[in-house]
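Q: Here it is, the structure in full.
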Amino acid sequence: MHGEFHTIKFVDDLCDGHMHCMRVCPTQAIRVRNQKASLLDDRCIDCGECVRVCPNNAIIAMTSSFKDFSKFKYTIALPSPAFYAQFGKDTTPSLILESLKKIGFNDVYDVACASEAVSIAIQEYLDTNKSPRPLISSFCPAIVQLIQIRYPNLLDHLIPIESPMEIAAREAKNLKMKETGLKASEIGAIYITPCPAKMLSIKNPLRKKHSFIDGAIAMRDIYPTLLQTISQSNGNHDIKDIQGLGLGWPIVGGQVACLKAEDCFAVGGLTDTVRILEDIENDRLKDIQYVECHSCPTACVGGTLTVENPYIARGRVLRMVEKYGLIPCQNREKIRGLYQKNFFSLIGKISPHPVQPLDEEISRAIEKMQKKQDIHDKLPKIDCGACGSPTCLAFAEDVVLERVMLDDCIFVAIKKFEKLSSDLLETVLRHSEKINSNIKMITS
Amino acid sequence: MDNTFLQTFKIQGGNIYNAGKASTEIKAILKQLGINARIVRRVAIASYEAEMNVVMYAKQATLTFEVSPSQISIIVDDEGPGIPDVSLAMQEGFSTATREMREMGFGAGMGLPNIKKNSDYLKIESVIGKGTKVIITLNVN
Ligand code: SF4
Ligand code: SF4
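Protein chains in written order, with the numbering used here: chain A, 1 to 444; chain B, 1 to 141.
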């Protein structure tokens, strides 16, 4: 269920209440109280921006560790194509795959090629389906969650096509089952992930019960070991070159580049994505066919668990595409046939998970909204954050919802103190006058 | 008496950059009140179009947004040229937008008809040379 599971966790012992996380959180899901950060579950979209900025590493992304996979007889590593861009320019995707085998995975499977297949399926869907436009990519789980909590009207716009990660895992497992005679449950498909959000879609896949992926290792966790193995290799490998436009998927525009439709565009980063989603909700982009959205400004090459500078990584992806991208790795006709057999389709609805309203009962909610506005009017509106809420407006709401007291705002507290001290002074003066006159009376 | 929440917004004519700010805020408020998503969308479209009309044609306007447990109303009162023939302007495709406006994707003549489609009640009062008042209401249930 939404709201109960998130892929990030705050470690209280490490948190010093720096508030970096609170300030970057795009959905205002973080509050800092008594110098500890805490999460408003119903708002978090697992984008991982807070993990990125915490100076104390007090927010951890809950990805898998190697020991989680000891239960499998056979393991297959599936690196996100963003992983190919994390190493030096001479380190080819095939060398990376080969090295993954050397560090202990029984086999590897390329996801870029599955991305090319998914691109063809998207094109088929665009060509043959009349569902509301624009369609929105559904491959960034943080964006999907954002739509679930804030734009429930746009859930029908999310393209119901399986993600490359899932397609690749299903294929890899089927192949291995045939080859080894093992059961599906004995084979572990392990994703090498650029972000915690992907972990969410593994634990809570949309429109289906179970993911084909059994766990995800963070890129930054596996990177050092792999780098060492790569640097010791002689460069020879049996795996053939990875090809196709799928290599471009981890950068902004990578999906759109695979489509023939002209009326498509790509957007990276939550600020810009929100603007686009607002426009779609206001009915402004009906002429657009497909919008590719990424929570991370540079898309997956700059995911929160990556290692390389995202712009350098992006440059590498572009060069890879230039070199290997133009040779397709999929047969378009074959993929079309598979598409018609619903190989890529996801059925069923995605449920909305709107943020808790101010009150379940509308009349009371309106009353609270008015109160919130009245409180906001009293605040300095400088969004200093000292109260532990990200903005003055969020603070006003926290007061209305009784999460905090009004004088937790330092400006309100100072005013109150000024008033108190001037009252006090007045009383003291009044009394001393009285005493003085009494003294006079006695002495005269 | 029923509780109501009221907020007013100033809209500047010609300011494309800020266009849509009021409707975005209205939308956020309605979502926080727990109003049904479908209604929120209709309000969003209607208020956005009304706001765009001001940005495109008028000098400035005040948008008054009011919500009660049974009704949402949006009143846009502008200082502008006025609409000579309201019933003509209500026809789909009719537009006096300039070429530049159209190139930016505005004024395809969908404004008023789109507001009508997305509201339960629409009233337009216009005085040539003075301005236009657009009154939009939607039922909450
Ligand atoms: S993961 Fe993203 S949405 Fe969730 S608390 Fe962190 S910054 Fe906010
Ligand atoms: S853009 Fe990619 S890396 Fe970033 S959150 Fe979305 S899926 Fe993860």
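By construction, the Cβ of each residue, glycine as well, lies at the ideal position given by its N, Cα and C atoms. Nothing here was measured: the structure is a model prediction, and the numbers come from that model.
Would you tell me roughly how many angstroms separate the C-alpha atoms of residue 161(A) and residue 208(A), rounded to the nearest one?
A: To locate residue 161(A), count along the first sequence from 1; it is residue 161. To locate residue 208(A), count along the first sequence from 1; it is residue 208. One C-alpha to the other measures close to 12 Å.
Q: For the beta strand (DSSP E) that residue 74(A) lies in, which residues bound it at each end?
A: Here the question's residue 74(A) lines up with position 74 in the first sequence. From DSSP, the beta strand (DSSP E) with residue 74(A) extends over 74-79.
Q: Which two residues bound the contiguous beta strand (DSSP E) that contains residue 294(A)?
A: Numbered from 1 along the first sequence, position 294 holds the residue referred to as residue 294(A). Segment 290-294, the beta strand (DSSP E) holding residue 294(A).
Q: Does the Cβ of residue 32(B) have 16 or more other Cβ atoms within 10 Å, making it buried, or fewer, making it exposed?
A: The count along the second sequence starts at 1 and reaches residue 32(B) at position 32. Classification of residue 32(B): buried, given that the 10 Å Cβ count is 16 or more.
Q: Report the three-state DSSP secondary structure of residue 66(A) (helix, strand or coil).
A: The sequence position of residue 66(A) within the first sequence is 66, counting from 1. Helix, per DSSP.
Q: Pop quiz: residue 123(A) and residue 244(A) are said to be a contact at Cβ under 8 Å. What is the actual Cβ separation, rounded to whole angstroms?
A: Position 123 of the first sequence, counted from the start, is the residue given in the question as residue 123(A). Position 244 of the first sequence, counted from the start, is the residue given in the question as residue 244(A). Going by Cβ atoms, the distance from residue 123(A) to residue 244(A) rounds to 14 Å, so no, they are not a contact pair.
Q: What's the gap between the Cα of residue 218(A) and the Cα of residue 358(A)?
A: Within the first sequence, residue 218(A) is the residue found at index 218, counting from 1. Within the first sequence, residue 358(A) is the residue found at index 358, counting from 1. C-alpha separation (whole angstroms): 37 Å.
Q: Could you tell me whether any non-hydrogen atom of ligand 2 is closer than 8 Å to the CB of residue 365(A)?
A: Locating residue 365(A) in the first sequence gives position 365, counting from the first residue. No, Cβ of residue 365(A) sits at least 8 Å from all heavy atoms of ligand 2.
Q: Considering residue 50(A), what are the terminal residues of the alpha helix (DSSP H) in which it resides?
A: The count along the first sequence starts at 1 and reaches residue 50(A) at position 50. Start and end: 49-53.
Q: Classify residue 157(A) as buried or exposed, calling it buried when 16 or more other Cβ atoms lie within 10 Å of its own Cβ.
A: The sequence position of residue 157(A) within the first sequence is 157, counting from 1. Buried: at least 16 other Cβ atoms inside 10 Å.
Q: Taking 9 Å as the threshold (C-beta atoms), are residue 246(A) and residue 142(A) in contact?
A: On the first sequence, position 142 is the one that residue 142(A) refers to. On the first sequence, position 246 is the one that residue 246(A) refers to. No, the pair does not count as a contact, with Cβ atoms beyond the cut-off.
Q: I'd like the span of the beta strand (DSSP E) that includes residue 31(A), first residue to last.
A: Position 31 of the first sequence, counting from 1, holds the residue named residue 31(A). Per DSSP, residue 31(A) belongs to the beta strand (DSSP E) from 30-33.
Q: Whose Cβ in chain B lies nearer than 9 Å to the Cβ of residue 367(A)?
A: The sequence position of residue 367(A) within the first sequence is 367, counting from 1. Within 9 Å Cβ-Cβ: 3, 5.
Q: Within 9 Å of any Cβ in chain B, is that where the Cβ of residue 164(A) sits?
A: Position 164 of the first sequence holds residue 164(A). No, residue 164(A) lies away from the interface with chain B (no Cβ there is under 9 Å from its Cβ).
Q: Check for me: the alpha helix (DSSP H) holding residue 272(A) runs from which residue to which?
A: Here residue 272(A) is taken as the residue at index 272 of the first sequence, counted from 1. 270-281 is the span of the alpha helix (DSSP H), which, as asked, contains residue 272(A).
Q: So what does DSSP say about residue 466(A), is it helix, strand or coil?
A: The displayed coordinates of chain A run from 1 to 444. Any statement about residue 466(A) would go beyond what the structure contains.
Q: Is there a Cβ from chain B that is less than 9 Å from the Cβ of residue 152(A)?
A: Counting from 1 along the first sequence, the entry for residue 152(A) is found at position 152. Taking Cβ atoms only, chain B reaches closer than 9 Å to residue 152(A), which makes this a yes.
Q: Where does residue 117(A) land, buried or exposed, given buried means 16+ other C-beta within 10 angstroms?
A: For the purposes of this step, residue 117(A) is identified with residue 117 of the first sequence, where counting begins at 1. Answer is buried; the Cβ neighbour count reaches 16.
Q: In angstroms with no decimal places, state the Cα-to-Cα distance between residue 150(A) and residue 384(A).
A: Numbered from 1 along the first sequence, position 150 holds the residue referred to as residue 150(A). Numbered from 1 along the first sequence, position 384 holds the residue referred to as residue 384(A). If I take the Cα positions, the gap works out to 25 Å.
Q: Can you confirm whether residue 10(B), when its beta carbon is compared against all beta carbons of chain A, has any partner nearer than 9 Å?
A: One-based indexing of the second sequence puts residue 10(B) at position 10. Not closer than 9 Å to any Cβ of chain A, the Cβ of residue 10(B) fails to qualify, so no.
Q: Taking the alpha carbon of residue 128(B) as the reference point, which residue from 4(B), 81(B), 63(B) has its own alpha carbon closest?
A: Counting from 1 along the second sequence, the entry for residue 128(B) is found at position 128. Nearest option by C-alpha distance: 81(B).
Q: How long is the line joining the alpha carbons of residue 90(A) and residue 294(A), rounded to whole angstroms?
A: Residue numbering aside, residue 90(A) sits at position 90 when the first sequence is read from its first letter. Residue numbering aside, residue 294(A) sits at position 294 when the first sequence is read from its first letter. Cα-Cα distance, rounded: 28 Å.
Q: Which residues of the region 63-83 of chain B have a Cβ closer than 8 Å to any Cβ of chain A? Give them in chain order.
A: So the close ones are 67, 68, 69.
Q: Along chain B, in chain order, which residues have C-beta atoms closer than 7 Å to that of residue 283(A)?
A: In the first sequence, counting from the first residue as 1, residue 283(A) sits at position 283. Within chain B, the residues near residue 283(A) are 45.
Q: Residue 277(A): which of 316(A), 361(A), 324(A), 133(A) sits nearest, CA to CA?
A: Residue 277(A) sits at position 277 when you count from the first residue of the first sequence. When only C-alpha atoms are compared, the closest one is 133(A).
Q: Taking residue 137(B) as the reference, give the member of 88(B), 77(B), 67(B), 56(B) with the closest Cα.
A: Taking the second sequence and counting its residues from 1, the one referred to as residue 137(B) is at position 137. If we check each option's Cα against that of residue 137(B), 67(B) comes out closest.
Q: Please check if any C-beta of chain A sits within less than 9 Å of the C-beta of residue 122(B).
A: For the purposes of this step, residue 122(B) is taken as residue 122 along the second sequence, with counting starting at 1. Chain A contact via Cβ: absent.
Q: Could you give the distance in angstroms between the alpha-carbon of residue 350(A) and the alpha-carbon of residue 214(A)?
A: As a first step, residue 350(A) is located in the first sequence; it is residue number 350 there, counting from the start. As a first step, residue 214(A) is located in the first sequence; it is residue number 214 there, counting from the start. Their Cα atoms are separated by approximately 22 Å.
Q: State the beta-bridge partners of residue 66(B) as determined by DSSP.
A: Against the second sequence, residue 66(B) aligns to sequence position 66. Its beta-bridge partners are 6(B), 73(B).
Q: Quick check: does the Cβ of residue 313(A) come within less than 8 Å of any heavy atom belonging to ligand 2?
A: In the first sequence, counting from the first residue as 1, residue 313(A) sits at position 313. Outside the cutoff, so no.
Q: Can you name the residues of chain B whose CB is closer than 8 Å to the CB of residue 362(A)?
A: For this step, residue 362(A) is matched to residue 362 along the first sequence. Under the 8 Å cutoff, chain B gives 33, 34, 35, 69, 140.
Q: Beta-carbon of residue 115(B) versus every beta-carbon of chain A: anything under 9 Å?
A: Position 115 of the second sequence, counted from the start, is the residue given in the question as residue 115(B). Chain A, which has no Cβ nearer than 9 Å to the Cβ of residue 115(B), makes this no.
Q: Taking 8 Å as the cut-off, is the C-beta of residue 137(B) nearer than that to any heavy atom in ligand 2?
A: Taking the second sequence and counting its residues from 1, the one referred to as residue 137(B) is at position 137. No, the Cβ of residue 137(B) stays beyond 8 Å of every heavy atom of ligand 2.
Q: Mind the definition here: the region 31-51 of chain A touches the region 74-82 of chain A only if three or more C-beta pairs lie below 8 Å; say whether that holds.
A: The region 31-51 of chain A is not in contact with the region 74-82 of chain A.
Q: Using a Cβ cut-off of 9 Å (strictly closer), state whether residue 2(A) contacts chain B.
A: Taking the first sequence and counting its residues from 1, the one referred to as residue 2(A) is at position 2. Per-residue confidence for residue 2(A) stands at a pLDDT of 47, beneath the threshold of 50, marking its modelled position as unreliable; the derived number appears in the next sentence. Closer than 9 Å: no.
Q: On the DSSP bridge assignment, give the partners of residue 146(B) in chain order.
A: For residue 146(B) there is no data in the structure shown, the boundaries of chain B being 1 and 141.
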